[in-house]
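Here's the structure, in structure tokens; my notes come after.
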Amino acid sequence: QEKVQQSPESLIVPEGAMSSLNCTFSNSASQSIWWYQQHPGKGPEALISIFSNGNKKEGRLTVYLNRASLHVSLHIRDSQPSDSAVYLCAVSIAGGYKVVFGSGTRLLVSP
Amino acid sequence: NSKVIQTPRYLVKGQGQKAKMRCIPEKGHPVVFWYQQNKNNEFKFLINFQNQEVLQQIDMTEKRFSAECPSNSPCSLEIQSSEAGDSALYLCASSLSWGGNTEVFFGKGTRLTVV
Numbered sequence: 002q003e004k005v006q007q008s009p010e011s012l013i014v015p016e017g018a019m020s021s022l023n024c025t026f027s028n029s030a031s032q033s034i035w036w037y038q039q040h041p042g043k044g045p046e047a048l049i050s051i052f053s054n055g056n057k058k059e060g061r062l063t064v065y066l067n068r069a070s071l072h073v074s075l076h077i078r079d080s081q082p083s084d085s086a087v088y089l090c091a092v093s094i095a096g097g098y099k100v101v102f103g104s105g106t107r108l109l110v111s112p
Numbered sequence: 084n085s086k087v088i089q090t091p092r093y094l095v096k097g098q099g100q101k102a103k104m105r106c107i108p109e110k111g112h113p114v115v116f117w118y119q120q121n122k123n124n125e126f127k128f129l130i131n132f133q134n135q136e137v138l139q140q141i142d143m144t145e146k147r148f149s150a151e152c153p154s155n156s157p158c159s160l161e162i163q164s165s166e167a168g169d170s171a172l173y174l175c176a177s178s179l180s181w182g183g184n185t186e187v188f189f190g191k192g193t194r195l196t197v198v
């Protein structure tokens, strides 16, 4: 049974700062790791994904994957109040038919 | 932006009543998932389909929950006899294929309250 753990549970950063979110997963055979953003009253929306070890950058977002340590992190540069949301780490299972989600990090960016 | 459409947005049922919600996946997406998200943001996988065929479902789904994705009609999830613990946000999602780097697109969800 794949397990996805996220930390911290909640994070408060000032506007303009870097936000750093962490995720660990239990299965090294996991395929892709996705980060989703969920605003109140809405479904999750995909932000960025990573498959290979290393890092991937898209705009203000950078994601780092280390399969050996089963760890992935998301960093949001120049955080804005509009980035305030719940961020969900999701792992697709190799050979499986579902995506397993962590319970999220609630990010609050204070103006 | 996701084009997965879920109806209704809100559903209130008494204990023991049936609760039914619907989902229209993105056009051309053969894979459909249903998840239950509780107030602690925890996701529970319920069932998934490829075209009209169920691929996986959890035990809970097999007992009180039923779901289908008929061709040319919306997918649906029905709870036969609602319980207080079923109160949650029910999310439908669709994708082009399984695993790999395939993005899963979510609807806005149906929030079920069982009173």
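If you're matching them up, the sequences are chains P and G in order.
The first sequence maps to residues 2 to 112 in the working numbering.
The second sequence maps to residues 84 to 198 in the working numbering.
Idealized CB from N, CA, C, for every residue including glycine.
Could you say which of Gln119(G), Val114(G), Ser156(G) lies nearest to glutamate 136(G) if we only look at CA atoms?
-> Of the residues Gln119(G), Val114(G), Ser156(G), the one whose Cα lies closest to the Cα of glutamate 136(G) is Val114(G).
In this structure, what does DSSP give as the bridge partners for cysteine 106(G)?
-> Answer by DSSP bridge pairing, in chain order: Gln89(G), Cys158(G).
Within-8 angstroms CB hit, serine 159(G) to chain P = Using a CB distance cut-off of 8 angstroms, serine 159(G) does not count as an interface residue toward chain P.
Neighbourhood of serine 11(P) by C-beta, 6 angstroms cutoff - its chain only, sequence neighbours within 5 removed = Once the five neighbours on either side are set aside, the close Cβ partners of serine 11(P) are Arg107.
For glutamate 151(G), go through chain P and note every residue whose CB falls closer than 9 angstroms to its CB, in chain order.
-> Result: empty, since nearest Cβ-Cβ is about 17 angstroms, beyond 9 angstroms.
Take threonine 25(P) as the anchor and find which of Gly17(P), Ser111(P), Trp35(P) has the nearest alpha-carbon.
-> Threonine 25(P) has its Cα closest to that of Trp35(P), out of Gly17(P), Ser111(P), Trp35(P).
Residues of chain P with a CB under 8 angstroms from the CB of glutamate 136(G): which are they?
-> Near glutamate 136(G) there are no residues of chain P at all, since even the closest Cβ is about 11 angstroms away, more than 8 angstroms.
Would you verify that the beta carbon of serine 177(G) is, or is not, closer than 8 angstroms to some beta carbon of chain P?
-> It does not: the Cβ of serine 177(G) has no partner Cβ on chain P nearer than 8 angstroms.
State the DSSP-derived secondary structure class of serine 8(P), mapped to helix, strand or coil.
-> DSSP places serine 8(P) in the strand class (E or B) of the three-state scheme.
Amino acids of chain G, ordered along the chain, whose beta-carbon sits closer than 7 angstroms to that of valine 110(P) = Result: empty, since nearest Cβ-Cβ is about 18 angstroms, beyond 7 angstroms.
Among the residues of its own chain, which have a CB less than 7 angstroms from the CB of serine 170(G), if the five just before and after it don't count?
-> Correct list, in chain order: Leu195, Thr196, Val197.
Relative to the alpha-carbon of phenylalanine 128(G), which residue among Val110(P), Tyr98(P), Gly105(P) has its alpha-carbon at the smallest distance?
-> Taking only the C-alpha atoms, the option nearest phenylalanine 128(G) is Tyr98(P).
In whole angstroms, what separates the C-alpha of asparagine 184(G) from that of asparagine 134(G)?
-> When rounded, the distance between both Cα atoms is 20 angstroms.
Run through DSSP, which three-state label would glycine 168(G) get?
-> Helix, per DSSP.
Supposed close pair asparagine 124(G), glycine 105(P) - CB separation, criterion 8 angstroms | Confirmed, about 4 angstroms.
In angstroms with no decimal places, state the Cα-to-Cα distance between glutamate 109(G) and cysteine 175(G).
-> Cα-Cα distance, rounded: 11 angstroms.
Could you list which residues in chain P have their beta carbon closer than 9 angstroms to that of lysine 191(G), in chain order?
-> In chain order, Gly42, Lys43, Gly44 make up the part of chain P whose C-beta sits under 9 angstroms from the C-beta of lysine 191(G).
Length of the line joining the Cα atoms of phenylalanine 132(G) and glutamine 2(P) = Rounded to the nearest angstrom, the two C-alpha atoms are 20 angstroms apart.
Over what stretch of residues does the beta strand (DSSP E) that includes tryptophan 117(G) continue unbroken?
-> For tryptophan 117(G), the enclosing beta strand (DSSP E) has its first and last residue at 114 to 120.
Rounded straight-line distance, which links the Cα of proline 9(P) to that of glutamate 59(P) | If you draw a straight line from the Cα of glutamate 59(P) to the Cα of proline 9(P), it comes to about 23 angstroms.
Buried or exposed: where does lysine 101(G) fall if 16 or more other Cβ atoms within 10 Å of its Cβ makes it buried?
-> With fewer than 16 other CB atoms across the displayed protein chains lying within 10 angstroms of its CB, lysine 101(G) is exposed.
How is the beta strand (DSSP E) around leucine 195(G) delimited, first residue to last?
-> Leucine 195(G): member of the beta strand (DSSP E) spanning 193 to 197, first to last residue.
Neighbour-count burial assignment, threonine 90(G), 16 or more Cβ in a 10 Å radius | Exposed, because fewer than 16 other Cβ atoms sit within 10 Å of the Cβ of threonine 90(G).
Partners in chain G for tyrosine 65(P), counting only beta-carbon separations shorter than 7 angstroms | Listed along chain G is no residue with a C-beta nearer than 7 angstroms to that of tyrosine 65(P); the closest approach is about 17 angstroms.
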